[in-house]
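Quick note on my numbering: the sequence shown kicks off at 355 and runs consecutively.
We treat Cβ as the ideally placed atom computed from N, Cα and C, and that holds for glycine.
The structure presented is a predicted model; accordingly, all values stated were derived computationally and were not measured.
Worksheet: one structure, shown below.
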Amino acid sequence: MSSSLRSCKVLPHARHFDVLIVGAGPAGAHLALRLARAGFHVGILDRQRFPRPKPCGEFMSPECLPMLEELGLRAALLAQGARCLKGMRLHGHGYRAEGRYRSFGGAPAPFDHGYAIRREVLDELALEAAAARSEVEHFEACSVSELLRDESGAVRGVLAIGPERERLELRAAWTIGADGVRSAVARELGVQRAVPGLDKLAIVARYDGVPAADHAEVHFYPDAYIAAAPVDEHVFTLNLVLDRARVPAGGRAGLEEELARRIAASPELDAKLGGRRPCEPLLACGPLARTTTRQTFDGAALVGDACSFVDPMTGEGLYFAMRGAELLAAALVPALHARRTDQNALAPYLRGRKREIVPRQRLARWMQSGLRHPALVRGFLGLLARRPSLADLVVALTGDYVSPRDLLRPSLWREVLRRPVVIGARSGAF
Ligand SMILES: Cc1cc2nc3c(=O)[nH]c(=O)nc-3n(C[C@H](O)[C@H](O)[C@H](O)COP(=O)(O)OP(=O)(O)OC[C@H]3O[C@@H](n4cnc5c(N)ncnc54)[C@H](O)[C@@H]3O)c2cc1C
């Protein structure tokens, strides 16, 4: 995208929408579907053709399921092989702790499981459901090149490059950046920032034929972690996340070597993979973390990873994308009815983000700081291993149905303390 924001004459073939969404991942597709159901004319464009690869742990927290249900996507996901995972197992420093999704301290678990499903399936299903609506026009293989502004500076659409390198002028009352962690829209609006101290890379690998369990898992190393989940009937997806400074030289072969070395250093993972090699080419991506200083503008807003993303360890990015889309749709619908395009019309969206998304991302940042101290991680895992109720609380937090604010409630801690303690939890023989 060019660095200049341009006010431009309407091309003869300009298209007009109520809302134009840049990026057709979960945030963009869910938003399109919600706005279409409210009767608005939506354009949604993505630079890729779907299904497209997306580096991801492919695990969805329980709190995503009611949103999928509401949009009529849950049954279809199950039919396409979504695997129900009932908790998370944490390994490292000689400890193993397991938390299960269950109602906690008065916060009801919406389901006793989350889903693991291939991103190709998850993302295509939501986009197909949106694109099937008569209110939605989908532009694939179409990349934004510029934002359009009116004389007041309000965003009024985009110029995009289509699949045949043709120039498209797409105008809208509202333009939404749902274009992921390296959002071109956020960059163009001048609000994108790196997250200080977080410069990590993820290596994502899939394995075939690994016996499936009913939980996701995280393996902690002193300087890295692996998050993994059995995904649909056949695939085990594994993410190695490490500081970019520690990424070995040697290109793809170097990454493969590093992955093999880390797997060999985790006895449980090594035994589980049984010498298997990845069944698909590795995906690598980074830096993973980005944030923005503002999310709403006259005529524009950001949603999903385009607003901010910290780290995949807690497996909440899909929840942030889907819930962000829900909150934004709830603010956009009355704004569109009232023909408002000023940023103040989206104040409820910002309040919702501040209430529900920002505290979770703050917690994720604290966790990332904690990971820098192996002694702290060791102590924490030991505590979780001895107190399974605390492990349940941790997965309830990352499962998105207990909020960080709930940690201030004494009843929640009474529940943790009431439950039995495991004696001699430390073990080298998992
Ligand atoms: C390694 C890794 C593992 C993860 N594991 C998990 C997990 O297990 N569970 C979980 O909940 N979350 C996980 N996440 C986070 C999750 O993947 C994201 O939070 C989620 O995909 C955000 O959805 P989104 O729609 O905002 O963005 P995306 O899914 O990134 O979609 C953005 C879309 O915008 C398009 N786009 C980008 N630029 C342009 C442009 N200029 N023009 C047009 N289109 C454009 C892209 O092609 C893409 O399709 C993980 C992330 C990483 C990196």
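A532 vs A660 beta-carbon contact at 7 Å = yes
key: Exposed unless 16 or more other CB atoms sit within 10 angstroms - verdict on V775   = exposed
task = Answer yes or no: do V396 and V490 have a C-beta to C-beta separation smaller than 7 Å?
result = yes
Residue-level contact to chain C via CB, V545, 7 Å cutoff = Of the chains in the structure shown, none is chain C; there is only one protein chain.
query = Quick one: what does DSSP say L425 is sitting in, helix, strand or coil?
reply = coil
key: Through-space distance from S497 to D504, alpha-carbon basis   = 21 Å
ask   = So, is A548 buried or exposed, given that buried needs 16 or more other C-beta atoms within 10 angstroms?
value = exposed
request  = Ignore the nearest five residues each way along the sequence and tell me which others in R456's own chain have a CB closer than 7 Å to its CB.
outcome  = A463, D466 and D746
request  = Taking 7 Å as the cut-off, decide whether the C-beta atoms of L513 and H573 are in contact.
outcome  = no
key: Among L717, R726 and V545, nearest to L751 - alpha-carbon criterion   = L717
key: the stretch 552-564 touching the stretch 582-602, judged by at least three CB pairs closer than 8 Å   = yes
key: Backbone CA spacing between R772 and P742 [nearest angstrom]   = 11 Å
key: Helix, strand or coil at Q722 [DSSP, three-state]   = helix
query = Using the rule of at least 16 other Cβ atoms within 10 Å of the residue's Cβ for burial, across every protein chain shown, is S765 buried or exposed?
reply = exposed
query = Unbroken alpha helix (DSSP H) runs of length 4 or more, entirely within the stretch 461-504: which are they?
reply = 473-485
ask   = Based on Cα-Cα distance, which residue from E417, T646 and A386 lies nearest to R487?
value = A386
query = What's the call for S506, buried or exposed, on a 16-neighbour Cβ count within 10 Å?
reply = exposed
inquiry  = Within a Cβ cutoff of 7 Å, which residues of the same chain sit near E412, ignoring the five residues on either side of it in sequence?
reply    = A470, I471, R472, R473, A583, V585 and T591
key: Heavy atom of ligand 1 within 6 Å of F458 beta-carbon   = no
ask   = In whole angstroms, what separates the C-alpha of L704 from that of A381?
value = 16 Å
query = DSSP three-state call for T645: helix, strand or coil?
reply = strand
message = So, for A540: in the same chain, excluding its five sequence neighbours on each side, which residues have a beta-carbon less than 6 Å away from its beta-carbon?
response = G531, Q546, T646, L656 and A660
key: C-beta contact flag for G653 and A538 at 7 Å   = no
request  = Examine ligand 1 and report whether any of its heavy atoms sits within less than 6 Å of the Cβ of Q402.
outcome  = yes
task = With a 10 Å radius around its C-beta and 16 neighbouring C-beta atoms as the bar for buried, classify P602 as buried or exposed.
result = exposed
query = So the alpha helix (DSSP H) E452 belongs to, where does it begin and stop?
reply = That residue, E452, is in no alpha helix (DSSP H); its beta strand (DSSP E) goes Y449 to R454.
message = At 3 residues or longer, what runs of the beta strand (DSSP E) sit wholly inside the stretch 537-577?
response = 546-548, 554-562 and 569-575
beta-carbon F413 near ligand 1 non-hydrogen atom, thresh 6 Å = yes
task = Check whether the Cβ of A675 lies closer than 6 Å to any heavy atom of ligand 1, and answer yes or no.
result = yes
ask   = Do you know offhand how far A578's Cα is from A643's?
value = 15 Å
request  = Identify the continuous alpha helix (DSSP H) that holds F734 and give its terminal residues.
outcome  = P728 to R740
key: DSSP bridge partner residues for E523 (one or two, in chain order)   = L513
message = Quick check: is any heavy atom of ligand 1 less than 6 Å from the C-beta of D659?
response = yes
key: Distance between beta carbons of G459 and R714, contact taken as under 8 Å   = Contact doesn't hold; Cβ gap of about 17 Å is too wide.
ask   = For P420, does the three-state DSSP call read helix, strand or coil?
value = helix
inquiry  = Between which residues of its own chain and G393 is the CB-CB distance below 7 Å, once the five residues before and five after are set aside?
reply    = E489
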